[in-house]
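S.K.:
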Amino acid sequence: ADDGVDIGALALFSPCVDPSDEDHPPRDFVINSAWGRAGSLAYLGAADPHDPGYAPMHGKLSGLPPMLIHYTPTELLAGQIQRFAARAQEDGANVTVLELPRLWHSAHVLAGTLREATNAVHDAGLFVRAHFG
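Position in the sequence shown (from 1) plus 674 gives the number in my numbering.
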């Protein structure tokens with residue numbers, strides 16, 4: 675959007691919206707906080723951890739296109755995702771949040787193999803298509 679691209683919709687699956695956030699359990703079924711922290715620091719380099727390009731949680735959330743967020747209640751990022759969705763809604767963003775209790779962090783990669791993951795990806799596709807006229 676910063677470069678003038680018109681973004682019709684966002685579909686976010688288990689998004690890490692503040693890599694510097696430490697307010698979460700030490701691990702979930704797929705990831706652990708030490709691994710996540712190491713990857714985040716490698717990506718951050720010498721940049722500011724509050725830069726919205728690194729941590730969208732710290733950016734301007736008003737004016738975002740319609741957004742669908744999928745997450746699972748047991749994943750390490752659940753609290754962060756809930757806070758992001760609440761903040762985006764408070765800023766006036768159109769946010770649909772879907773908790774997927776039978777899946778786990780980023781289970782969408784199993785679409786085509788696992789029915790629940792396939793259904794989640796299909797629903798996200800319908801959401802995105804509905805916003806592209």
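Glycine included, C-beta positions come from ideal geometry on N, C-alpha and C. Because the structure is a prediction, the values reported are computed rather than measured.
Can you give me the start and stop residues for the beta strand (DSSP E) that E773 sits inside?
M.R.: Segment V769 to E773, the beta strand (DSSP E) holding E773.
S.K.: Taking the beta strand (DSSP E) that I743 belongs to, which residues open and close that run?
M.R.: First-last of the beta strand (DSSP E) with I743: M741 to Y745.
S.K.: Taking the C-alpha atoms as reference points, what is the distance between G682 and W709?
M.R.: Roughly 33 Å between the two C-alpha positions.
S.K.: What whole-angstrom Cβ distance do L742 and T787 have, given they're in contact under 8 Å?
M.R.: About 22 Å separates the two Cβ atoms, so there is no contact after all.
S.K.: Tell me whether H782 is buried or exposed, calling it buried when 16 or more other Cβ atoms sit within 10 Å of its Cβ.
M.R.: Buried, because 16 or more other Cβ atoms sit within 10 Å of the Cβ of H782.
S.K.: Is L715 helix, strand or coil by DSSP?
M.R.: Correct three-state label for L715: helix.
S.K.: So F687 packs on H744, CB below 8 Å; how close in whole Å?
M.R.: That belief holds up - the Cβ atoms of F687 and H744 are roughly 5 Å apart, short of 8 Å.
S.K.: Could you tell me whether the Cβ atoms of A716 and S694 are closer together than 9 Å?
M.R.: No. Outside cutoff.
S.K.: Which residue from H779, D765, P775 and P700 puts its Cα closest to that of K734?
M.R.: Nearest C-alpha to K734: D765.
S.K.: To the nearest angstrom, how far is it from the Cα of Q763 to the Cα of P740?
M.R.: The straight-line gap from Cα to Cα measures roughly 11 Å.
S.K.: In or out: E773 buried (at least 16 other Cβ within 10 Å) or exposed?
M.R.: Exposed: under 16 other Cβ atoms inside 10 Å.
S.K.: Just the Cα atoms here: how many angstroms apart are A794 and D702?
M.R.: So the two alpha carbons sit approximately 20 Å from each other.
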